[in-house]
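If you count the sequence shown from 1, position 33 lands on 32 in numbering that gives the first Met the number 0, and the numbers rise without skipping.
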Amino acid sequence: MKYKINLYVFSYSHFEQIVLCYIHLTRFFTKKMNNQDKNRRPIKARQTNWATKCSRYLQQKGATPNGISVFSIIFALLASLLLFFALSYSHGLLRSFLLIFGALMIQGRLICNLLDGMVAVEGGMKSPVGAVYNELPDRIADTLIILGVGYGLSADFSMAITLGWIGAFFAVMTAYVRVLGGSCGLDQHFTGPMAKQHRMALLTSVAVIAALIPNLWGIWLFFIALWIIILGSTLTTIFRTRRILRDLAQGA
């Protein structure tokens with residue numbers, strides 16, 4: 000009887016240790032995954048079937064995450080040129096054609112931004128210089144697209160070029176402040192009201208709508224969009240800065 004009781008105590012003690020070990024391991028790996036993902040932009044499309052298939056296809060064809068990131072600049076340049084010529088020189092069906100394809104190029108840029116991270120992380124192809132390729136092409140792409148709109152509107156609005164440069168500046172500032180928070184040891188926050196995804200969604204929507212309405216209305220729509228980008232990006236920069244200061248003060 001005494002032997003059985005000791006065996007029972009021995010078994011329960013080991014079972015308790017196994018459970019505690021499992022809990023600690025779960026917490027460790029959860030924390031590790033959170034640390035890996037905290038500086039990654041949350042994108043719902045990352046979980047979709049088509050995105051997974053595309054990333055696997057690119058990986059099989061030998062595409063690299065850094066190469067995909069650089070390729071996004073080509074889409075942005077095409078979007079910039081298409082929007083510039085649509086707003087500057089074209090009318091009628093040609094203008095609508097250029098605007099629609101400009102919107103598609105903006106989305107192509109965003110798809111590159113989605114797939115480069117998926118190939119890098121899910122595909123296990125991270126590189127030591129990946130952070131540079133993840134950020135720098137994005138800033139170039141933002142600048143190209145916004146300036147394309149600004150210069151395209153310059154024939155109708157004398158201040159449009161200035162607005163384009165201001166919009167590009169604050170678009171870069173939103174990202175700079177986000178990365179600044181990360182360099183301070185904080186989580187990077189990708190919130191708006193005018194983060195990259197919001198700016199590109201706005202310009203894509205405006206381009207599609209402008210392709211379907213009279214030319215003058217479309218020009219005014221883009222002009223208003225520039226102001227929205229400037230004001231929204233300014234607020235985003237301020238909000239992110241305040242959050243960084245608050246988190247640092249609280250020792251987060």
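Where is the CB? At the ideal position from N, CA and C, for every residue including glycine. Treat the numbers as computed from the prediction; the structure is a model and nothing was measured.
Worksheet item: Should residue 248 go down as buried or exposed, given a rule of 16 or more other Cβ atoms within 10 Å for buried?
Response: exposed
Discussion item. Please report the straight-line C-alpha distance between residue 199 and residue 250, rounded to a whole angstrom.
Written reply: 34 Å
Worksheet item: Which residues in the same chain as residue 94 place their Cβ atom closer than 7 Å to its Cβ, once the five residues preceding and following it in sequence are excluded?
Response: If you ignore the 5 residues before and after residue 94, its C-beta comes within less than 7 Å of the C-beta of 85 and 214, all in its own chain and listed in chain order.
Practice prompt. Determine the direct distance from the alpha carbon of residue 191 to that of residue 237, and round the result to whole angstroms.
Written response: Cα-Cα distance, rounded: 10 Å.
Worksheet entry | C-alpha gap between residue 112 and residue 173, whole angstroms | 17 Å
Discussion item. Does the contact criterion of 3 or more C-beta pairs under 8 Å hold for the region 97 to 104 versus the region 119 to 128?
Written reply: no
Item to complete: Could you tell me whether the Cβ atoms of residue 224 and residue 207 are closer together than 7 Å?
Response: no
Discussion item. Is it buried or exposed, residue 184, if we count other Cβ atoms within 10 angstroms and call 16 or more buried?
Written reply: exposed
Worksheet entry | Delimiting residues of the alpha helix (DSSP H) encompassing residue 166 | 159 to 182
Worksheet item: How big is the Cα-Cα spacing for residue 149 and residue 58?
Response: 37 Å
Item to complete: Give the single residue among 80, 116, 156 and 171 whose Cα lies nearest to the Cα of residue 235.
Response: 171
Discussion item. Whole angstroms are fine: how far does the CA of residue 152 sit from the CA of residue 211?
Written reply: 18 Å
Item to complete: My understanding is that residue 178 touches residue 136, with C-beta atoms under 8 Å, so please give their C-beta distance in whole angstroms.
Response: The Cβ separation is near 14 Å, so there is no contact.
Discussion item. Could you compute how far the alpha carbon of residue 116 sits from the alpha carbon of residue 64?
Written reply: If I take the Cα positions, the gap works out to 7 Å.
Worksheet item: For residue 186, which three-state DSSP category applies?
Response: Residue state, collapsed to three classes: coil.
Worksheet item: If you draw a straight line from the C-alpha of residue 54 to the C-alpha of residue 157, how long is it?
Response: 44 Å
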